[in-house]
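Enquirer: Under the UniProt record's numbering, the first residue of the sequence shown is numbered 1, with each subsequent residue one higher.
Note that beta-carbon positions come from the ideal geometry of N, C-alpha and C, so glycine has one too.
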Amino acid sequence: MTPPGFTTVYIAGSGAIGALVAAGACRAKARYAMVPRTPVSSSIDVHAGNGAVTLTSFTAHPLATTPQDCLILPLKAYQLASALSSWQPYLHQDTPVLLLHNGMGGYETARRILPAKQPVYVATTSHGALKTDPETVIHTGVGHTMLGKLDKATLPDLDSRMMHTLSTFLPPVTWRHDMHRALWHKLAINAAINPLTALHNVVNGNLLYKGYREELQALCAETVAVAASCDVFFSTPELLEDVLNVAMNTAKNYSSMHQDYHQGRKTEIDAINGYIVETGRKKGINASRHAFLVEQIKQR
């Protein structure tokens, strides 16, 4: 058994965060395999503060798993359904699956596609990574990872193995018993920062200027109302403060939505602001500011 507790850790895709996870596995001398959606020429170099790692362990398609393996999906939210459908025939029903993406709705997608018994974990991270070309990833900012479950399944041994694995690959990691609230908090921050940086073509730190304050406050207020309808409670002033702190701590960074938007790629707007709008609609709560941002991003 490899040090992190699983025989093989499969990593779906070959994106920037997935490369960080694989680099952590490589440093730990754990057995891993990246499964890119598109072929990788030969290797990916991951540059971080603790040195560079060259990733060379790739497989062209999903492989049959055992209960001793693990599948991590560090993908865009809109890629999740396709990836899970591709993997589902190869997954042993006791192989744990870890979802690692921005936005909401991924867990519901996984539960719809995977067997009811399949252990599903969710995580969110504030680590920053940028894929500068198909063979190079830069670790742009050290962050923190939160891990937990959204069901009531009691699997203490598997929980420990998953915690140990992610703590080795993408540290530091905190186990959250209130993972639903943690995801809403991350969603709220992304929903305020990401579309504004994309539409105004600015780094995160520019949102600290007073000209953005009213818009940020309005977005936070709508998110607070919609979250409360789902029994997740924040206050608008506290949430706004958290948004401003993230903008300050990542001041020189471009958000992932900015990168996608300005490079002509599909964005995660539906799983972020769109999720707030749709949830609000179902609950009878107006989220017009978020709806406007969804419309603006999609008008490109």
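So the candidates are Glu295, Pro134, Ala182; which of them puts its Cα closest to the Cα of His144?
Expert: The option with the nearest alpha carbon to His144 is Ala182.
Enquirer: Just reading off the alpha helix (DSSP H) that Gly274 is part of, what are its end residues?
Expert: 273 to 283
Enquirer: Quick check on the DSSP output: what are the complete beta strand (DSSP E) runs of length 3 or more inside the region 172 to 217, in order along the chain?
Expert: 173 to 175
Enquirer: Would you tell me roughly how many angstroms separate the C-alpha atoms of Met179 and Tyr107, rounded to the nearest one?
Expert: If you take the alpha carbons of Met179 and Tyr107, they lie about 12 Å apart.
Enquirer: Ignoring anything shorter than 3 residues, give me the beta strand (DSSP E) runs that lie fully in the UniProt domain "Ketopantoate reductase N-terminal" (9 to 151), in order along the chain.
Expert: 9 to 12, 32 to 35, 44 to 48, 51 to 55, 70 to 73, 97 to 100, 120 to 125, 128 to 133, 136 to 141, 145 to 148
Enquirer: Starting from Asn286, follow the alpha helix (DSSP H) in both directions and report where the run begins and ends.
Expert: Neither: Asn286 is in no alpha helix (DSSP H) and is coded neither H nor E.
Enquirer: Compute the Euclidean distance between the alpha carbons of Asp231 and Val277, then round it to the nearest angstrom.
Expert: 16 Å
Enquirer: Please determine, among Tyr212, Thr65, Arg161, the residue with the shortest C-alpha to C-alpha distance to Leu8.
Expert: What sits at residue 8 in the sequence shown is Thr, not Leu. Looking at the Cα atoms, Thr65 is the closest of the given residues.
Enquirer: Under 8 Å, with one C-beta from each stretch per pair, do the region 153 to 164 and the region 126 to 138 reach the 3-pair mark?
Expert: no
Enquirer: Taking the alpha-carbon of Pro115 as reference, which of Leu91, Asp242, His101, Lys283 has the nearest alpha-carbon?
Expert: Leu91
Enquirer: Taking 8 Å as the cut-off, decide whether the C-beta atoms of Leu100 and Cys70 are in contact.
Expert: no
Enquirer: Please confirm if the region 170 to 178 is in contact with the region 267 to 284, defined as three or more CB-CB distances below 8 Å between the two stretches.
Expert: no
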